[in-house]
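Below is one structure, written out as structure tokens; comments come after it.
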Amino acid sequence: MSLNASFGYSRNEVRRAECTAAEGVGDFVCVAGDPPNGHDVVAKADPADFNKMPAVGVVVSKSTPIECLVQWFGETPSIFTGLASGEIYFVGSDAKIAEEPPTPTTVPLFTQFMGVATAPTRLFLRPNDHMVRRIP
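Written out as structure tokens, the structure is:
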């Protein structure tokens, strides 16, 4: 049985977005502007910058350097490696997936839960927009 069925969820939410060449598959992203063409505008999430949080989803594919698909909810395709099934994951300091929240050293960082691993390569994405500010 898939995690979607066991939790009663039956959909994955994936939306087309405009991005830059800096965002790659597996990067957590935030909303970065108004949708000029009816598509979301996203940029890499940054736990050190409140204006680049919260993350709303993860880039699951790129059709061009400035067009991507962002998954906002549900079980991702196999875009990760080395995840531990059942473990929770956070936005890392580099916008990548992290098993532990980033630890602040010189500036405060925001901690955000993103989901639970369902397999070594997949995450059940359920972003929590409640963030905790960690002080160095």
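Residue numbers (my numbering): 149 to 284.
From the three backbone atoms N, C-alpha and C, an ideal C-beta is built for every residue, glycine too.
For this session: Starting from the C-beta of A265, find all residues in its chain whose C-beta is less than 7 Å away, skip the five residues before and the five after it, and write them out in chain order.
Result: Walking along the sequence shown from the start, residue 265 turns up at place 117. If we look at A265 and ignore the five residues flanking it on each side, its Cβ neighbours are L231, A232, S233, G234, E235, Y237 and L271.
Exercise. Quick one: what's L273 bridged to in DSSP?
Worked result: Along the sequence shown, one-based indexing puts residue 273 at 125. In DSSP, L273 forms a bridge with G222 and G263.
Problem set entry | Which of helix, strand or coil DSSP assigns to K244 | The residue labelled residue 244 in the question sits at position 96 within the sequence shown. Reduced to three states, the DSSP call for K244 is coil.
For this session: Enumerate in chain order the residues of its own chain whose CB-to-CB distance from G240 is below 7 Å, with the five nearest sequence positions on each side excluded.
Result: For this step, residue 240 is matched to residue 92 along the sequence shown. So the list reads A246 and P250, once near-sequence residues are dropped.
For this session: Could you check the C-alpha separation between F176 and T254 for me, to the nearest Å?
Result: Looking up residue 176 in the sequence shown gives position 28. Looking up residue 254 in the sequence shown gives position 106. The straight-line gap from Cα to Cα measures roughly 22 Å.
Exercise. Are V207 and P225 touching if we call contact CB-CB under 8 Å?
Worked result: Locating residue 207 in the sequence shown gives position 59, where the first residue counts as 1. Locating residue 225 in the sequence shown gives position 77, where the first residue counts as 1. Against a cut-off of 8 Å, the Cβ pair of P225 and V207 comes out as no contact.
Problem set entry | Residue(s) in a DSSP beta bridge with L231 | Within the sequence shown, residue 231 is the residue found at index 83, counting from 1. Per DSSP, none; premise fails for L231.
Problem set entry | Among A267, T259, P268 and L273, nearest to P284 - alpha-carbon criterion | Your numbering for residue 284 matches position 136 in the sequence shown. Of A267, T259, P268 and L273, the residue nearest in Cα terms is T259.
For this session: Can you tell me the Cβ-Cβ gap for E166 and I214, rounded? I've got them flagged as a contact below 8 Å.
Result: Residue mapping note: residue 166 aligns to position 18 of the sequence shown, counting from 1. Residue mapping note: residue 214 aligns to position 66 of the sequence shown, counting from 1. Indeed, because the Cβ distance is near 6 Å, the residues count as touching under 8 Å.
Exercise. Straight-line CA distance for C178 to E248?
Worked result: Mapped onto the sequence shown, residue 178 falls at position 30. Mapped onto the sequence shown, residue 248 falls at position 100. Going by the C-alpha atoms only, they are around 20 Å apart.
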